[in-house]
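Since the structure comes first, as structure tokens, the remarks are kept for the end.
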Amino acid sequence: MSGSVPFVDLRAQYLSIKADIDEAVLALLDSTQFVLGRDVVAFESLFAPYAQSTHVLGTSSGTSALHLAMLAAGIGPGDEVITTPHTFIASVSAIDYCGATPVFVDIDPVSFTIDPRAIEAAITERTKAIVPVHLYGQMADMDPIVEVADRRGIAVIEDAAQAHGAEYRGRRAGSIGLAGCFSFYPGKNLGAYGEGGAVTTSDDQVARTVRMLRDWGAEEKYHHVLKGFNYRLEGMQGAVLKVKMAHIEGWTEARRAAAARYDEWLAGSGVEVPRQLDDRRHVYHVYAIRTDDRAGLQAHLTEQGVGTGIHYPIPVHLQQAFAELGHGRGDFPHAEAAADEVLSLPMFPEITPEQQERVVTAVRAWCDAR
Ligand SMILES: *Cc1c(COP(=O)(O)O)cnc(C)c1O
Numbered sequence: 274m275s276g277s278v279p280f281v282d283l284r285a286q287y288l289s290i291k292a293d294i295d296e297a298v299l300a301l302l303d304s305t306q307f308v309l310g311r312d313v314v315a316f317e318s319l320f321a322p323y324a325q326s327t328h329v330l331g332t333s334s335g336t337s338a339l340h341l342a343m344l345a346a347g348i349g350p351g352d353e354v355i356t357t358p359h360t361f362i363a364s365v366s367a368i369d370y371c372g373a374t375p376v377f378v379d380i381d382p383v384s385f386t387i388d389p390r391a392i393e394a395a396i397t398e399r400t401k402a403i404v405p406v407h408l409y410g411q412m413a414d415m416d417p418i419v420e421v422a423d424r425r426g427i428a429v430i431e432d433a434a435q436a437h438g439a440e441y442r443g444r445r446a447g448s449i450g451l452a453g454c455f456s457f458y459p460g461k462n463l464g465a466y467g468e469g470g471a472v473t474t475s476d477d478q479v480a481r482t483v484r485m486l487r488d489w490g491a492e493e494k495y496h497h498v499l500k501g502f503n504y505r506l507e508g509m510q511g512a513v514l515k516v517k518m519a520h521i522e523g524w525t526e527a528r529r530a531a532a533a534r535y536d537e538w539l540a541g542s543g544v545e546v547p548r549q550l551d552d553r554r555h556v557y558h559v560y561a562i563r564t565d566d567r568a569g570l571q572a573h574l575t576e577q578g579v580g581t582g583i584h585y586p587i588p589v590h591l592q593q594a595f596a597e598l599g600h601g602r603g604d605f606p607h608a609e610a611a612a613d614e615v616l617s618l619p620m621f622p623e624i625t626p627e628q629q630e631r632v633v634t635a636v637r638a639w640c641d642a643r
């Protein structure tokens, strides 16, 4: 359809940096440093100051970053880890990989992130960590989370997979907890051309442990100190990410400008727009609106050629895969309401005001016809 607007457009971004990417990838092929290697090291040293962290360890995905950060925090069988059910399932799967039990706390319905006021009641003598998820690109309310964690002697591990460059009271995602976990899946704000992730930390011991665990637990080749994993970042992803670091701030500002246009143009339309809280820099990985007839709006937008997404339609506590936890509908009402009502509009740095105008016109036409 000629007037259609895609939900994301990864090709537009590739074309905008094609010469630099192609050169970096060809140089990587020539170097034959296909796994870890100099481009991964170069990327890690660019991402560390960006995430206000001393150490960055590239990993094979955001999920493996979460798994390794949790292991480095000492999480194991019998432990409990607190997170929210309104997230991508990987936040919870990583807890399960450690043999620990996920314990859910509901979200704050305005920010879609964990409600710090509800955390304390979920803490037991088995609680080892809290995993706030900086959902959609806005950081969780970190100060009260860190306060309760410190007071109760438990770790905070940030799921920053959607929050590259996001800020909370001037501090960047990945810099506040014991560790931060990022994803470079292609559609994320900083996307590789394949799978990728990273752990950020300013704790030397956590960095040392993650460095070993991602590479078979070896301190030096074939000297295995720990039982580790094949969770290394590929050289080609390092080459791509290194090039993209020169653009991430510009892309983030483009997302924020696009969000500001949506905010203004959708005001008073009848759908609820996302709220950026005063002390935060939202990086709009996702621009999620709310409506009580999500299916109706999504069908209308599809018919009008506007791509949409749902992040996420089923909260983790109601997923079949985690039925063993014994939860049911009504356990986390804010997460359940969000899952029923959120709809993600097209959002990517290269989206044009004309494309956004088509999206907004379609949303408003649906609202007016109700
Ligand atoms: C994408 C994502 C992950 C997992 O990252 P992968 O790189 O896909 O493994 C974890 N948590 C959240 C919130 C995510 O959005």
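Add 273 to the 1-based position in the sequence shown for this note's numbering, that's all there is to it. Ideal Cβ placement from N, Cα and C applies to all residues, glycine included.
Quick check on residue i: does DSSP put it in helix, strand or coil?
| i | result |
| --- | --- |
| C371 | coil |
| S277 | coil |
| E623 | coil |
| G569 | helix |
| F377 | strand |
| D401 | For clarity, residue 401 is Lys in the given sequence; the question names Asp instead. Residue state, collapsed to three classes: strand. |
| V308 | strand |
| I387 | strand |
| A471 | strand |
| H607 | helix |
| S456 | strand |
| Y669 | The structure shown has nothing for residue 669, since the chain only spans 274 to 643. |
| Y441 | strand |
| T511 | Note on identity: in this sequence residue 511 is Gly, with Thr being the wrong assignment. It is helical. |
| G335 | helix |
| V579 | strand |
| V589 | helix |
| S542 | coil |
| H600 | coil |
| H340 | helix |
| S617 | strand |
| L302 | helix |
Between residue i and residue j, what straight-line distance do the alpha-carbon atoms span, to the nearest angstrom?
| i | j | result |
| --- | --- | --- |
| E537 | A635 | 15 Å |
| A638 | R631 | 11 Å |
| A292 | A465 | 16 Å |
| R529 | R424 | 35 Å |
| V365 | H607 | 18 Å |
| T327 | S334 | 20 Å |
| I290 | Y585 | 31 Å |
| V376 | E353 | 6 Å |
| G601 | E431 | 26 Å |
| A519 | E627 | 26 Å |
| Y504 | R487 | 5 Å |
| V579 | E597 | 38 Å |
| V406 | A300 | 36 Å |
| E545 | A568 | 15 Å |
| A324 | L463 | 12 Å |
| T386 | S304 | 43 Å |
| G541 | Q571 | 19 Å |
| L550 | V278 | 28 Å |
| R445 | A642 | 42 Å |
| D552 | V308 | 39 Å |
| I380 | A611 | 9 Å |
| Q577 | G523 | 30 Å |
| A561 | Q286 | 22 Å |
Residue i: beta carbon under 7 Å from a heavy atom of ligand 1?
| i | result |
| --- | --- |
| Y458 | yes |
| F280 | no |
| A363 | yes |
| T356 | no |
| Q435 | yes |
| G335 | yes |
| V406 | yes |
| D369 | no |
| L339 | yes |
| G453 | no |
| K461 | yes |
| T397 | no |
| D295 | no |
| T360 | yes |
| E468 | yes |
For residue i, I'd like the list of residues in its chain whose CB is within less than 7 Å of its CB, leaving aside the five on either flank, ordered along the chain.
| i | result |
| --- | --- |
| I403 | I355, I392, I418, A422, I427 and V429 |
| D604 | H590 |
| I348 | V354, C371, A373, K401 and A402 |
| R554 | A439 and E440 |
| T397 | E353 |
If I measure Cβ to Cβ from residue i and keep anything under 8 Å in the same chain, skipping five residues before and after, which residues do I get?
| i | result |
| --- | --- |
| D565 | E614 |
| A491 | M485, H497, V498 and G501 |
| A346 | K401, A402, A428, I430, L451, A452 and V479 |
What residues in its chain sit with their C-beta under 6 Å from that of residue i, if we drop five residues either side in the sequence?
| i | result |
| --- | --- |
| F320 | V329 |
| V559 | Y409, H584 and S617 |
| L339 | A367 and C454 |
| F621 | V281 and D282 |
Quick check: is the beta carbon of residue i nearer than 8 Å to any beta carbon in chain B?
| i | result |
| --- | --- |
| S542 | Included in the structure is just one protein chain, with no chain B present. |
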